[in-house]
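Numbering (our numbering), first residue to last: 96 to 251.
Since the structure comes first, as structure tokens, the remarks are kept for the end.
Next comes the structure, spelled out in structure tokens:
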């Protein structure tokens, strides 16, 4: 029963990727017009040890999704990037608010055994207008970061 409840709660908060990117673009345009801030957190699951099974990655992915759905505000937008990552859009969050949200997530992650399972979670943070000027610029930075980590940058 508890598993069903957590899956339902997470599913209610997670947006379809296309809808998320549409809303992200809308929020960027709105922030530019009204001179607001937006923060985007990218949480990436990375295998530390090569011997981990795909089921371990999937379990960690689902656990991280459950954590995010609980930790984030109702106004924050959450989207999945496949089986290995999440995006969280924090409307009206500047550098400090984004850093606090990032720290809160990192603090919560300390209580879970991801590293024992051979999974590490990297969290990148971008804030509009400090780190990007439009949605296309943000996507280029996201793809660049993925390429730096050797994850490729193609369609997923």
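Ideal placement from N, C-alpha and C gives every residue a C-beta, glycine not left out.
Asked                                                                                    : Found
Inter-residue spacing [alpha-carbon to alpha-carbon] between residue 163 and residue 235 : 25 Å
Nearest candidate by alpha-carbon position, reference residue 136, set 185, 128 and 111  : 185
Residue range of the alpha helix (DSSP H) that includes residue 215                      : Taken as a continuous stretch (DSSP letters only), residue 215 belongs to no alpha helix (DSSP H), being part of the beta strand (DSSP E) at 214 to 223.
Inter-residue spacing [alpha-carbon to alpha-carbon] between residue 122 and residue 143 : 35 Å
Residue ranges of each alpha helix (DSSP H) within the segment 150 to 234, 4 or longer   : 190 to 204
Environment of residue 177 [buried if 16+ CB atoms lie within 10 Å]                      : exposed
Coil, strand or helix - residue 130 by DSSP                                              : coil
Short Cβ contact (9 Å threshold) for residue 109 with residue 152                        : no
Coil, strand or helix - residue 143 by DSSP                                              : coil
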